[in-house]
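K.L.:
I am attaching a structure below and will ask some questions about it afterwards.
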Amino acid sequence: MPELNRDNGPDAVGVVIDDLSLSFGETEVLKGVNLTIEPGEFFTFLGPSGSGKSTLLRAIAGFGPTPGGKILIGGDDVTDLAPWTRNVGMVFQSYALWPHMTVRKNVAFGLEERKLPTREIDQRVDEALNLVGLLEFADRRPSQLSGGQQQRVALARTVVIEPRVLLLDEPLSNLDANLRVQMRRDILDLQRKLKLTTIFVTHDQEEANTTSDRIAVLDQGIIQQIGSPIELYDEPVNRFVADFLGTANLLNGGVAMIDGNTVFKSDGGMTIPLANAENQSGDNRIAMFRPQDIAIQLPDCGVSEGEVAIFGKVNHREFLGSLVRYGVTVGEHIIAVDDSHSAGRRTFETGDDVVLNLTVKQVKILFD
Amino acid sequence: MKIFSRSNWGVTTLGLAIAIFLIAFLIIPVATVVVVAFQDPNTGELTLINFVDFFNTSLFQESFFNSFYVASMSVVLATIIALPLAYFTTRFNFGGAALIQTLGIIPLIMPPFVGAVAMLLLFGENGSVNLLVSEWFGFTIPFMEGLNGVILVESIHYFPFILINLSAALLNIDRSMEESAQNLGASGLRLFRRIVFPLAMPGYIAGASLVFLKVFDDLATPLLLNINNMLAPQAYLRISSIGISDPMGYVISVILVAFSLFSLWVAFLALKNKDYSMVQKGGGGLMKRDLRPWEKIGCYAVIILILGMVLSPHIGLGLLSFGTIWSYSALPDAFTLEHYERMFSIAGPFISNTLLYAGLAALIDVILGTAIAYIVWRTGLAGRKWLDFIAMGAVAVPGVVLGIGYLRTFVEFNVPIVDKPLASWWVIIVIALAIRRLPYALRACTAALQQVSVMLEEAAENLGATKARTVRRVVVPLMTGGILAGFVTSFATASVELSATIMLVSSESDAPLAYGIYEFMQSAAGRGPGAALGIVAVLIVGIATYASHRVIEHTEKKRSSGGITVAEQTGAV
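So, in structure tokens, the structure goes:
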């Protein structure tokens with residue numbers, strides 16, 4: 138596949154967000170956001186709707202109310218610059234292709250606004266359309282293309298101007314499931330090829346995990362945690378991150394010393410010994426462990442080294458194909474437990490007495 | 065919306081220019097009229113004496129009552145015409161639906177006053193219908209007797225307002241509304257009374273109050289039918305016979321504006337908080353059933369009767385324009401082209417004036433309309449809502465009031481180069497038409513702008529286009545259909561406007577077509593050529609309306625062609 142000629146283009150640049158806050162009238166949408174995105178990085182803003190992730194992205198592009206704080210792109214302060222002077226390319230959720238222009242006209246738009254010579258515009262539009270595999274559709278109108286094709290036109294229209302940063306606002310949410318997986322690989326390929334600093338906004342953790350170098354998890358206008366997908370999953374810093382990325386058992390309670398051992402006592406009557414729990418004593422603690430950190434067994438099974446046995450009763454189960462997810466009643470809690478599944482493997486029924494073997498060192502204590 | 069100093073400056077200038085135009089040509093003239101109505105004509109002090117005089121004069125009492133009576137009865141008659149038509153299209157699977165839609169457009173392409181004289185010849189005491197009726201049954205029906213004539217002509221012209229609003233309201237009721245009521249045990253009349261009626265009511269009220277407003281304010285129809293004891297004709301006659309210092313014309317103007325505002329307020333209350341956006345995808349509309357054969361015959365009978373009424377002004381006008389002598393007979397004695405020859409030999413300037421005035425007015429309207437819509441919906445300019453509000457407020461100003469206001473305000477304002485008062489310069493007619501039609505154009509432009517997603521603009525800005533460039537390359541091209549529709553609506557209605565222009569025409573050579581028709585129709589000998597000129601007016605409006613439909617259809621088609629047929633192509637990037 139041909140490549141855009143990046144030889145003359147600028148090198149990848151970083152983005153720094155410094156204490157950014159922003160309100161719509163009375164409503165504070167961003168509350169003091171700090172971030173550093175490295176040159177060439179694929180960085181994701183992940184959060185539920187209303188978390189401020191799209192607002193943050195739009196602020197980088199120059200849309201929305203004027204924010205407090207600073208936005209630096211490649212070291213330049215762009216906070217007060219108009220959108221059309223920033224040279225950051227944005228792909229909109231609904232693609233925002235202009236229906237009155239052909240595909241070629243759409244892609245040429247940004248170059249025309251930059252007043253490049255016609256010959257260069259033609260050449261670069263061809264290259265960009267070729268890059269996304271749509272050269273033969275150049276003379277169609279957007280309405281004559283499928284959703285996936287429109288998405289690629291939007292991408293071509295954005296990268297053809299050689300933006301300093303590529304912004305993607307939930308670009309996959311309007312595609313069907315199969316196409317979404319294909320598209321996200323294609324976008325990642327393109328990003329690696331063009332070495333473009335890219336910021337991706339999504340509410341879908343799978344999308345975030347599969348594409349990103351690093352992720353910032355946002356909730357209520359505040360960055361909850363920044364890290365690689367694996368770091369966020371394994372070492373969440375709070376209840377929100379633990380719960381938002383994957384499934385977690387989260388028990389409220391306190392950490393105390395009993396007979397020289399550190400123990401977590403939940404409000405619902407569960408006691409878990411802790412392996413490494415320095416400086417974690419006190420009330421208002423959360424014990425976090427994932428469903429796959431527990432083995433579900435018949436009550437008479439033994440316990441291995443480093444495990445603790447917890448007795449309970451199966452409350453319900455969900456069959457998910459590669460695994461069975463049980464809800465097991467323990468005290469006042471219902472603990473989620475994953476048991477991997479293959480043909481002929483034993484399953485439990487609702488009401489069965491079971492023992493849960495929890496690997497102690499997987500239990501994380503979070504501060505509430 | 066972020067405000068950048070550079071683009072902000074441009075928007076502020078534009079907004080200010082529009083505000084000055086609206087203040088000069090709408091607010092000041094109307095305010096002048098109101099102030100004069102409350103002033104003692106001799107001392108200039110504020111007083112209610114003019115209103116006391118007004119209500120103590122029996123002619124004015126009668127006029128006030130007549131105007132109110134005519135407007136109310138027109139609403140009733142228009143409802144009687146519109147109700148069955150709306151009902152047929154929304155409740156039955158019915159082949160005549162297209163016919164009904166046509167019925168809803170035909171009256172609008174001919175202003176009521178143009179057909180008024182022809183209606184006299186068809187339905188008057190010695191008109192075609194009554195001649196036949198008296199021959200067969202020995203009595204006559206007073207269709208056109210006095211106020212009845214105004215009521216009949218106005219309701220035939222304005223019933224589409226009710227038809228359109230009521231049909232839209234009924235079509236908006238989702239089938240699931242009706243089905244869930246049935247599911248919960250309601251049916252028949254109870255279902256209609258508790259679900260269908262309340263949901264359709266706001267649409268009906270909105271249409272009905274518009275009809276009331278239009279009829280109450282209309283000057284030309286009563287004038288043509290020679291009915292002078294109504295408010296608008298009285299205002300015109302006082303000003304044109306006694307002069308612009310007579311306070312009664314101003315008092316009547318204030319009453320007309322007050323009633324217009326009142327009907328708009330009723331419409332606003334009816335529609336407020338009643339945005340029942342009910343139609344879900346795929347559903348829509350009430351349950352429709354097929355008609356039994358005898359029901360079908362009944363429906364068609366009603367439709368043909370109404371079609372006959374709706375077409376009668378057109379038919380009458382056509383007969384009048386081609387007929388030689390038409391008096392005390394069902395049809396003209398013979399047919400001739402003489403009236404057209406005579407009309408074309410004199411009426412050339414009328415036609416060219418009309419095309420010039422209406423064209424310029426419509427152009428002003430779409431420019432203002434686009435600018436106001438953009439400022440209101442896309443910028444943060446302080447006071448932007450007021451621009452919209454004032455421009456739409458022109459709906460509540462009857463033509464005769466605007467005319468009186470212009471005369472009073474601009475009579476001493478001398479235009480430098482042409483060296484005559486602005487009030488008697490032809491340009492003032494263009495401005496009056498532009499102000500009168502601005503609400504229609506503004507509504508069309510606003511609707512068009514709201515169809516353009518803000519994201520399409522942001523995408524352009526993101527790729528390097530400034531606000532101004534974005535407007536030029538993205539916003540305006542995407543609004544073309546709506547702007548064109550606004551232009552044609554303004555043009556078509558302005559080209560047959562009479563009430564404001566009749567006050568502002570200062571010499572025959574500046575007069576537009578509508579004024580010409582009025583002049584011709586004053587004498588028996590002029591009726592033939594007047595009707596021929598009326599036919600020209602109908603053709604201009606009809607062709608403009610048709611052309612806009614075609615253009616809008618064409619742009620819509622181009623926008624969405626082939627969108628569905630192209631198969632999903634899932635190739636690698």
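Protein chains in written order, with this note's numbering: chain A, 138 to 505; chain B, 65 to 637. For each residue, glycine too, the CB sits at the ideal point set by N, CA and C.
1. Given a limit of 7 Å on CB to CB distance, which residues of the region 351-364 of chain A reach chain B?
2. Let's test the definition: count the other Cβ atoms within 10 Å of the Cβ of B:Cys363 and tell me whether it reaches 16, buried, or not, exposed.
3. So, is the C-beta of A:Ile117 closer than 8 Å to a C-beta in chain B?
4. Among A:Asp148, A:Asp155, A:Ala149 and A:Leu159, which one has its Cα closest to the Cα of A:Gln357?
5. Give a yes or no on whether the C-beta atoms belonging to B:Ala135 and B:Phe280 are separated by under 8 Å.
6. Is there contact between the region 302-317 of chain B and the region 116-128 of chain B, where contact requires at least three CB pairs shorter than 8 Å?
7. Which residues, in order along the region 381-398 of chain B, keep a beta-carbon less than 7 Å from a beta-carbon of chain A?
8. Taking CB distances under 8 Å as the criterion, tell me whether A:Met425 reaches chain B.
9. Report, in whole angstroms, the separation of the C-beta atoms of B:Val464 and B:Ser324, which I expect to be a contact under 8 Å.
10. Could you compute how far the alpha carbon of B:Leu253 sits from the alpha carbon of B:Ala549?
11. Would you report the Cα separation of A:Leu493 and A:Glu372, rounded to the nearest angstrom?
12. For the candidate residues A:Leu369, A:Phe426, A:Arg278 and A:Ser349, whose alpha-carbon lies nearest to that of A:Leu387?
13. Spell out whether any CB of chain B is found under 8 Å from the CB atom of A:His453.
14. So for A:Phe426, helix, strand or coil by DSSP?
15. Taking DSSP as the reference, what is the three-state secondary structure of B:Ser309?
16. In angstroms with no decimal places, state the Cα-to-Cα distance between B:Leu527 and B:Phe85.
17. Got a sec: which bits of the region 536-551 of chain B sit with their beta carbon under 7 Å from any beta carbon on chain A, in order along the chain?
18. At a Cβ threshold of 8 Å, is B:Asn526 touching chain A?
19. Are A:Ala245 and A:Val225 closer than 8 Å when you measure CB to CB?
20. Measuring only between beta-carbons, confirm whether B:Asn114 sits less than 8 Å from chain A.
21. Can you give me the C-alpha to C-alpha distance between B:Arg591 and B:Arg472, rounded to a whole angstrom?
22. Go through the region 250-286 of chain B residue by residue and report every complete run of the alpha helix (DSSP H) that reaches 4 residues or more, in order.
23. Is there a Cβ from chain A that is less than 8 Å from the Cβ of B:Ala529?
24. Is A:Ala506 close to chain B, meaning its C-beta is less than 8 Å from at least one C-beta of that chain?
25. Counting only Cβ pairs nearer than 9 Å, list the residues of chain B close to A:Arg321.
26. Is B:Glu522 close to chain A, meaning its C-beta is less than 8 Å from at least one C-beta of that chain?
27. Output the boundary residues of the beta strand (DSSP E) element that contains A:Met227.
28. Which residue comes first and which comes last in the alpha helix (DSSP H) that contains A:Phe182?
29. Pick out whichever of B:Thr609, B:Lys278 and B:Ala299 has its Cα sitting closest to the Cα of B:Ala458.
30. Report the option in A:Leu194, A:Gly419, A:Val497 and A:Gly187 whose CA atom is closest to the CA atom of A:Ser441.
31. Leaving out the 5 sequence neighbours to the left and right, which residues in its chain are closer than 6 Å to B:Phe404 when beta-carbon positions are compared?
32. Along chain B, in chain order, which residues have C-beta atoms closer than 8 Å to that of A:Ser231?
33. At what residues does the alpha helix (DSSP H) containing A:Gln357 begin and finish?
34. For B:Arg448, would you say it is in contact with chain A, using Cβ-to-Cβ distances shorter than 8 Å as the test?
35. Please report how far the alpha carbon of B:Phe223 lies from the alpha carbon of A:Ser283, in whole angstroms.
36. What did DSSP end up calling A:His237 once you bin it into helix, strand or coil?
P.N.:
So, to answer that:
1. The region 351-364 of chain A vs chain B, Cβ under 7 Å: nothing.
2. Classification for B:Cys363: buried.
3. Past the edges of chain A, shown from 138 to 505, lies residue 117 of chain A, and the structure says nothing about it.
4. A:Leu159
5. Closer than 8 Å, so yes.
6. yes
7. none
8. No, its Cβ sits nowhere closer than 8 Å to a Cβ of chain B.
9. Not a contact, Cβ separation roughly 11 Å.
10. Straight-line Cα distance between these residues: approximately 41 Å.
11. In a straight line, the C-alpha of A:Leu493 is about 23 Å away from that of A:Glu372.
12. A:Phe426
13. no
14. It is a strand residue.
15. coil
16. 35 Å
17. Val538, Pro541 and Leu542
18. yes
19. no
20. no
21. 33 Å
22. 252-255 and 261-281
23. yes
24. Residue 506 of chain A is absent from the structure shown; chain A starts at 138 and stops at 505.
25. Residues of chain B passing the Cβ test: none, with the nearest at roughly 11 Å.
26. yes
27. Val225 to Val228
28. First-last for A:Phe182: Phe179 to Leu183, but that is the beta strand (DSSP E), not the alpha helix (DSSP H).
29. B:Lys278
30. A:Val497
31. A small correction: the amino acid at residue 404 of chain B is Tyr; Phe does not occupy that position in the sequence shown. Correct list, in chain order: Ala596.
32. Ser517 and Met519
33. Run containing A:Gln357: none; DSSP gives neither H nor E here.
34. no
35. 45 Å
36. coil
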